[in-house]
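Read left to right, the sequence shown gives residues 183 to 407 (our numbering).
Glycine residues also receive a C-beta, built at the ideal position from the N, C-alpha and C atoms.
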Amino acid sequence: MGRGLQLHPGWPNGLAHARLGTKPLMSTSLTTVMHDLGFRDSWRDLHPEGHEFTCYSFMHNTFSRLDCILTSGIDLQSLVEVKHFGRFLSEYAPELLALQWGPPRQHVHGWCMPPDLLVDPACQEAIAGALVDYLECNLHSATTKELGWEALKAVIHGACMGVTYGVQRQLEATLGAQDRRLAVLQGSGDIAGGATGGTTGAAQSAVGMGLIGQVHTLGASPGTP
Numbered sequence: 183m184g185r186g187l188q189l190h191p192g193w194p195n196g197l198a199h200a201r202l203g204t205k206p207l208m209s210t211s212l213t214t215v216m217h218d219l220g221f222r223d224s225w226r227d228l229h230p231e232g233h234e235f236t237c238y239s240f241m242h243n244t245f246s247r248l249d250c251i252l253t254s255g256i257d258l259q260s261l262v263e264v265k266h267f268g269r270f271l272s273e274y275a276p277e278l279l280a281l282q283w284g285p286p287r288q289h290v291h292g293w294c295m296p297p298d299l300l301v302d303p304a305c306q307e308a309i310a311g312a313l314v315d316y317l318e319c320n321l322h323s324a325t326t327k328e329l330g331w332e333a334l335k336a337v338i339h340g341a342c343m344g345v346t347y348g349v350q351r352q353l354e355a356t357l358g359a360q361d362r363r364l365a366v367l368q369g370s371g372d373i374a375g376g377a378t379g380g381t382t383g384a385a386q387s388a389v390g391m392g393l394i395g396q397v398h399t400l401g402a403s404p405g406t407p
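What follows is the structure, encoded as structure tokens:
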């Protein structure tokens with residue numbers, strides 16, 4: 183532990199109030215790292231006002247709470263019991279962590295970024311702009327790295343979908359203009375009525391082929407809401 187270290191177990195988190203002589207230690211950074219990595223002190227969650235100790239130093243004749251039961255990705259409702267046993271065989275107390283697992287959660291398929299987006303110029307520009315805006319607004323905000331990364335993925339998703347929907351709307355507008363043009367030609371007698379359907383389909387295919395290819399490249403299909 184080091185010379186002069188004093189823990190104050192009366193505080194909600196003794197580690198966050200450690201002192202070396204009269205100067206603060208970096209224990210506050212340890213707590214910050216725990217939160218950034220998504221770890222929780224399970225014993226403290228179930229015993230917010232508890233003052234039990236996990237270690238007794240015979241050399242210094244002091245009690246301390248050096249051991250934390252860290253869990254990640256576990257709901258607080260899943261914790262049944264977290265307990266410190268007696269310190270009979272060593273300076274450190276054995277720990278008990280009991281969990282109650284519920285039925286498996288139904289897997290929800292999330293958005294998967296198509297690799298083609300990384301080489302598409304329009305998406306590259308949209309993603310770069312979104313990253314600049316996001317970092318300017320959130321780089322120095324008081325949030326965890328885990329939460330920041332999850333939000334950043336949503337920003338990238340939105341930028342890609344914005345480009346995809348833009349190409350899709352362009353395709354729909356182009357095909358609509360061709361339909362109106364073909365209707366005018368049919369009304370003027372330049373196109374025989376019996377061949378209108380086939381001609382319309384051929385014209386739409388010819389005009390929209392490039393745009394349709396862009397939509398598929400961007401990971402969506404025509405008609406996607």
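- With respect to the 8 Å criterion, V262 and Q282 are classified as neighbours on the basis of their beta carbons.
- Under the DSSP assignment, S254 falls outside any alpha helix (DSSP H), being part of the beta strand (DSSP E) whose first and last residues are L252 to S254.
- Membership of H266 in the beta strand (DSSP E) is indicated by the continuous run L261 to H266.
- In this model, A359 and G348 are separated by some 17 Å (Cα to Cα).
- One alpha carbon belongs to C342, the other to A310, and they sit about 11 Å apart.
- When C-alpha distances from L219 are compared across E277, G330, T356 and L334, the shortest belongs to G330.
- Only buried fits A308, as 16 or more other CB atoms lie within 10 angstroms of its CB.
- 8 Å or more divides the Cβ of S260 from the Cβ of F221.
- In this structure, DSSP gives D315 a helical state, which the three-state scheme calls helix.
- For L281, the enclosing beta strand (DSSP E) covers residues E277 to L281.
- For the options V215, L300 and H217, the alpha carbon positioned closest to that of H339 is the one of L300.
- The beta-bridge partner set that DSSP reports for D223 consists of L252.
- The C-beta distance from V345 to C319 rounds to 21 Å, too long to fall under 8 Å, and the pair is not in contact.
- When rounded, the separation of the alpha-carbon atoms in P296 and E231 is 49 Å.
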